[in-house]
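Novice: All you need for our numbering is the position in the sequence shown, starting with 1, plus 1474.
Think of the CB as a built atom: it goes at the ideal place given N, C-alpha and C, for glycine as much as any other residue.
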Amino acid sequence: MSMQLSLLAEETTVAPTGLVYHEQFLTAPEELDFLAQIDASEWLTDLSRRVLHFGFKYDYSNRRLDESARIGAFPAWLTSLASKVYTAASEDVQRLLEAQQPFEQAIVNEYQPGQGIAPHIDRDCFGPAVATVSLGSAINMDFSRDATGDEHVQRLEPRSLLLLHGEARTTWRHSIAKRRKDEWHGQVLERKRRVSITFRTIADLIPAQT
Ligand SMILES: O=C(O)CCC(=O)C(=O)O
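(1) Identify every run of the alpha helix (DSSP H) within the stretch 1619 to 1657, keeping only runs that are complete inside it and at least 4 residues long; order them along the chain.
(2) Starting from T1675, trace the beta strand (DSSP E) both ways and give me its first and last residue.
(3) Considering Cα atoms alone, identify which of I1613, Y1585, F1617 is closest to D1596.
(4) Using the DSSP secondary-structure output, state which residues sit across from E1584 in a beta bridge.
(5) Label A1547 either buried or exposed according to how many other C-beta atoms from any shown protein chain fall within 10 Å of its C-beta, with 16 as the threshold for buried.
(6) Identify whether L1679 lies in helix, strand or coil by the three-state DSSP scheme.
(7) Going along the chain, which unbroken runs of the alpha helix (DSSP H) with 4 or more residues stay wholly within the stretch 1527 to 1574?
(8) Excluding five sequence neighbours on each side, which residues of the same chain lie with their C-beta closer than 8 Å to the C-beta of V1604?
(9) What span of residues does the alpha helix (DSSP H) with L1506 cover, start to end?
(10) Alpha carbon to alpha carbon, what distance is there between I1680 and T1645?
(11) Could you check where the beta strand (DSSP E) with F1600 kicks off and where it finishes?
(12) Nearest-angstrom Cα distance between F1499 and D1624?
(13) Between R1654 and the rest of its own chain, which residues show a CB-CB distance below 8 Å, the 5 nearest in sequence each way excluded?
(14) Which value, in whole angstroms, describes the spacing of the CA atoms of E1491 and H1626?
(15) With a threshold of 6 Å (Cβ to nearest heavy atom), would S1522 be considered close to ligand 1?
(16) Looking only at DSSP bridge pairs, what is E1664 linked to?
(17) Would the C-beta of I1591 count as close to ligand 1, meaning under 6 Å from any of its heavy atoms?
(18) Grouping DSSP H, G and I as helix and E and B as strand, with all else coil, what is V1494?
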């Protein structure tokens, strides 16, 4: 997106219905603690960016979850963050979450400058509300909706929480462009290392094959 188009997008687009953004969801010491826990874990390196999976290992090739992918319970630090996310959610989102088990799956993504994630809608095997906590660098997340051609840019600051439900979860794609700098309110801002933690409930679990 050119600088002018990007500014236009920021100024004139309407956020997708169901996108809820909380800035300063975590304190700076909490952010450092979570980063230390994450960096003490064993990163997976089979994608172009490093990831960690908790609860269930998501299979990016067949895009489903089956019982054999169960890794085990969340570590205590992740359970405490998941419960903080639940508490921050609106009553509507809490109701959506309560219709399922508590958050049972989490993926940690690490983005070095230049890395991103392709446009996608989270698969239906996951539940109706998805929550992402951002650590480290700020980044622009791009939203687009094929049916209408609508676009929207959401700046994700470190220590923020993004909740997606409704249309934002089901009809809008979200992505992070693979670039080293973002444009935001007329400024070109260098990216640094960003780490995100995305929590999901599970809507469709395929039983283990016998
Ligand atoms: O890093 C993020 O903020 C989003 C991650 C994401 O979309 C995903 O894991 O599917």
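Specialist: In short, the structure shows the following:
(1) For the stretch 1619 to 1657, whole alpha helix (DSSP H) runs of length 4 or above, ordered along the chain, are 1640 to 1644.
(2) Looking at the DSSP string, the run of the beta strand (DSSP E) that includes T1675 is 1668 to 1676.
(3) Among I1613, Y1585, F1617, the Cα nearest to that of D1596 belongs to F1617.
(4) DSSP, once it has assigned bridges, lists V1669 as partnering E1584.
(5) That one is exposed.
(6) L1679 sits in coil when the DSSP states are folded into three classes, being neither helix nor strand.
(7) Fully enclosed alpha helix (DSSP H) runs of no fewer than 4 residues occupy 1550 to 1562, 1565 to 1572 of the stretch 1527 to 1574, in order along the chain.
(8) So the qualifying residues of the chain are D1596, L1637, L1638, H1639, R1643, T1672, F1673, R1674.
(9) It spans 1502 to 1513 - the alpha helix (DSSP H) in which L1506 sits, taken as one unbroken run.
(10) When the Cα atoms are used, T1645 and I1680 turn out to be separated by approximately 24 Å.
(11) Note, F1600: beta strand (DSSP E), 1600 to 1610.
(12) About 28 Å.
(13) For R1654, same chain residues with a beta-carbon under 8 Å away, outside a window of 5 residues either side, are P1587, G1588, E1664, R1665 in chain order.
(14) Note that residue 1491 is Thr in the sequence shown here, rather than Glu. Their Cα atoms are separated by approximately 11 Å.
(15) S1522 Cβ: outside cutoff for every heavy atom of ligand 1.
(16) BP columns for E1664 point to K1655.
(17) Under cutoff, so the answer is yes.
(18) Looking at V1494 - three-state DSSP - the assignment turns out to be strand.
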